[in-house]
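Read the structure below first, then the notes.
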Amino acid sequence: MEYDLDTGAHSVYSLHYHLVLVVKYRRNVFTAERTEFLHEVANGFADNYGVEIKNLEADEDHVHIVFKAEPTTDLAKFVNVLKGASARRIRNEYEDELDDKLWGDQFWSDSYCLISTGQVSLDVLKEYVESQRSAGDGE
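Following the UniProt record's numbering, the numbering of the sequence shown begins with 1 at its first residue and continues without gaps.
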């Protein structure tokens with residue numbers, strides 16, 4: 001099994017995540033232009049948190065972000081900063097266009113979905129681990 005691994009001072013790792021953020025009240029606010037703007041905002045500070053955005057796509061009322069992180073990344077802090085900074089920037093840039101859909105300082109729903117992912121599926125990984133036991137049986 002071949003992995004694309006990153007290295008630290010005392011570690012080797014591969015940490016990938018799938019983040020889903022939902023617009024408050026599931027309002028349809030994302031256009032191609034706003035999705036690109038969000039991508040620029042997210043990339044603008046991701047390095048500060050040891051994060052590399054691999055992919056960012058949006059539907060009208062939610063966004064999917066695939067990113068990789070370092071073992072020292074505080075994921076909750078990164079997500080909360082991402083939500084806060086992107087909400088402020090989007091609302092400032094597109095204020096007139098969003099006033100009829102969102103009000104006050106609202107942009108994102110309070111919750112989020114963060115899923116750890118990897119370079120192989122869980123089933124493939126389980127099969128690999130189980131095969132290690134049988135590979136040692138002949139010795």
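Note that the Cβ used here is the ideal one computed from N, Cα and C, for glycine as well.
In this structure VAL22 is not in contact with PHE107, their Cβ atoms being roughly 10 Å apart against a cut-off of 8 Å. Looking at the DSSP output, HIS62 shares a beta bridge with VAL22. C-alpha of GLU36 to C-alpha of ASN43: approximately 11 Å in a straight line. The Cβ-Cβ distance between LEU19 and PHE67 falls below 8 Å. Residue state for SER131 is assigned as helix, using DSSP reduced to three classes. When secondary structure is reduced to three states using DSSP, SER111 falls in the strand class. By the CB criterion at 8 Å, TYR49 and ILE115 fall outside the cutoff.
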